[in-house]
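Each residue of the sequence shown is one higher than the one before, counting from 275 in the numbering used here.
Heads up, the beta-carbon is just placed ideally off N, CA and C, and yes, glycines get one too.
All of these numbers come straight from a predicted model, not from anything done at the bench.
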Amino acid sequence: MNTTVPKEPLDARDRPARLTVGVVGAGRVGPALAAALQLAGHRPVAVSGVSDASRRRAATLLPDVPVVTPAEVLARAELVLLTVPDDALPGLVEGLAETGAVRPGQLLVHTSGRYGARVLDPALRAGALPLALHPAMTFTGSSVDVQRLAGCSFGVTAPEELRLAAEALVIEMGGEPEWIAEESRPLYHAALALGANHLVTLVAESMELLAKAGVTAPDRMLGPLLGAALDNALRSGDAALTGPVA
């Protein structure tokens, strides 16, 4: 049992409008989201990170916020962002719940596209309030990410009674909430992975073929064409096809 964790529960009805925020996993996503919440008036109080790179990111985006253990992050924060790789998330949640780090009434947010709120069930049984908030964008690990959150869609999954709270947090970060049912989460994740990864592959192959054809700046040639094609596809779907495949 983690003796540093306060035993008194956090009553959601008594919680102040502005929350103390903690980050478990200072990769590219967590510090940016915490910085966005800070701009909305919330107060980052703790972050955990193992690698030198994660500590540098935390120092850049969350200056003066102490780097502590995951258990200590939960001890200090009312809202905790679990921003670890997908494969590490279930084990992390189970470990935090089993060691008593989770407090009743604590908002526990993960940012994985793969999982809905159900992966947080061990923490739910400990009294936490589970939210899945997935920003549908890529992150650089720099301050530009905070700006790019403006208008970014978030896949939101949560118990129905927490839906408004989840959507409000997304809006505070500058994002647009998109409700995803728990059972639709795998399909949602597959769709995003398919679009993003195949796009990168197709662009790379096109640039390689143009280079073989003698084009000195494939990126400059493809930029306007691909930008227009993507815009047309998002607006018109298959009707945007041109040329031999139309």
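| said: Between the alpha carbons of VAL347 and LEU504, how many angstroms are there, rounded? | reply: Against the sequence shown, residue 347 aligns to sequence position 73. Against the sequence shown, residue 504 aligns to sequence position 230. Those two C-alpha atoms are separated by around 41 Å.
| Between VAL297 and VAL358, what straight-line distance do the alpha-carbon atoms span, to the nearest angstrom? | Against the sequence shown, residue 297 aligns to sequence position 23. Against the sequence shown, residue 358 aligns to sequence position 84. Looking at the two C-alpha atoms, the distance is approximately 10 Å.
| field | 8 Å Cβ shell around THR343 - same chain, five flanking residues per side excluded | value | If you number the sequence shown from 1, residue 343 lands on position 69. For THR343, where only same-chain residues beyond five positions count, the Cβ hits under 8 Å are SER322.
| query | Using 8 Å as the Cβ pair cut-off and three pairs as the minimum, do the region 445-452 and the region 411-424 touch? | reply | Enough Cβ pairs lie closer than 8 Å, so yes.
| Going by alpha carbons, who is nearest to TYR389 out of MET495, LEU461 and ARG509? | Within the sequence shown, numbered from 1, the residue matching residue 389 stands at position 115. Distance check between TYR389 and each of MET495, LEU461 and ARG509 places LEU461 closest, using alpha-carbon atoms only.
| Given VAL354 as reference, the closest of LEU335, THR373, GLY369 and ARG377 once Cα atoms are compared | Within the sequence shown, residue 354 is the residue found at index 80, counting from 1. The shortest C-alpha separation from VAL354 is found at ARG377.
| request: At 3 residues or longer, and completely inside the region 406-452: list those beta strand (DSSP E) runs for me, N to C. | output: Within the region 406-452, the complete beta strand (DSSP E) segments at least 3 residues long are 427-431, listed from N- to C-terminus.
| field | Contact under 8 Å by Cβ, ALA371 with ALA400 | value | For this step, residue 371 is matched to residue 97 along the sequence shown. For this step, residue 400 is matched to residue 126 along the sequence shown. Cβ atoms of ALA371 and ALA400: closer than 8 Å.
| field | Rounded C-alpha distance that separates GLU452 from ALA309 | value | The residue given as residue 452 occupies position 178 in the sequence shown. The residue given as residue 309 occupies position 35 in the sequence shown. Taking the straight line from one Cα to the other gives about 21 Å.
| Is the number of C-beta pairs between the region 405-418 and the region 300-314 that are closer than 8 Å three or more? | Between the region 405-418 and the region 300-314, the count of Cβ pairs shorter than 8 Å is three or higher; the stretches touch.
| Do LEU403 and LEU522 come within 8 Å of each other at the CB atom, strictly closer than that value? | The question about residue 522 has no answer, for the chain in this structure spans 275 to 520.
| task | Tell me whether the beta-carbon of LEU311 lies closer than 8 Å to the beta-carbon of VAL324. | result | The residue given as residue 311 occupies position 37 in the sequence shown. The residue given as residue 324 occupies position 50 in the sequence shown. Taking 8 Å as the Cβ cut-off, LEU311 and VAL324 do not qualify as a contacting pair.
| query | Enumerated in chain order, which unbroken segments of the alpha helix (DSSP H) with a length of 4 residues or greater are wholly contained in the region 328-352? | reply | Listed in chain order, the complete alpha helix (DSSP H) runs (minimum 4 residues) inside the region 328-352 are 344-350.
| request: Kindly list the residues whose CB is nearer than 6 Å to the CB of ALA391, restricted to its own chain and excluding five residues on each side of it in sequence; keep chain order. | output: Against the sequence shown, residue 391 aligns to sequence position 117. Contacts found: PRO404, ALA406, THR431 and ALA432.
| By Cβ distance, which residues of its chain are closer than 8 Å to SER328, with the 5 residues on each side in sequence left out? | Numbered from its first residue, the sequence shown carries residue 328 at position 54. Excluding its 5 nearest sequence neighbours in each direction, SER328 has C-beta neighbours in its own chain below 8 Å: GLY299, ALA300 and GLY301, listed in chain order.
| task | Measuring alpha carbon to alpha carbon, tell me which of GLY379, CYS426 and SER386 ends up nearest LEU222. | result | Residue 222 cannot be examined here, being either before or after the span of the chain that is shown, 275 to 520.
| message | Assuming ARG317 is part of the beta strand (DSSP E), what are its boundary residues? | response | Counting from 1 along the sequence shown, the entry for residue 317 is found at position 43. From DSSP, the beta strand (DSSP E) with ARG317 extends over 317-322.
| Going by C-alpha distance, which of GLU434, ALA375, PHE413 and LEU356 is nearest VAL393? | Counting from one through the sequence shown, the residue named residue 393 turns up at place 119. Nearest in C-alpha terms to VAL393, of all of GLU434, ALA375, PHE413 and LEU356, is LEU356.
| field | As assigned by DSSP and simplified to three states, the class of THR294 | value | Your numbering for residue 294 matches position 20 in the sequence shown. The three-state secondary structure of THR294, taken from DSSP, is strand.
| said: Can you list, in chain order, the residues of its chain with a C-beta nearer than 6 Å to that of ILE454? Leave out the 5 residues immediately preceding and following it. | reply: The residue you call residue 454 lines up with position 180 of the sequence shown. Answer for ILE454: GLY429, THR431 and TYR462, listed in chain order.
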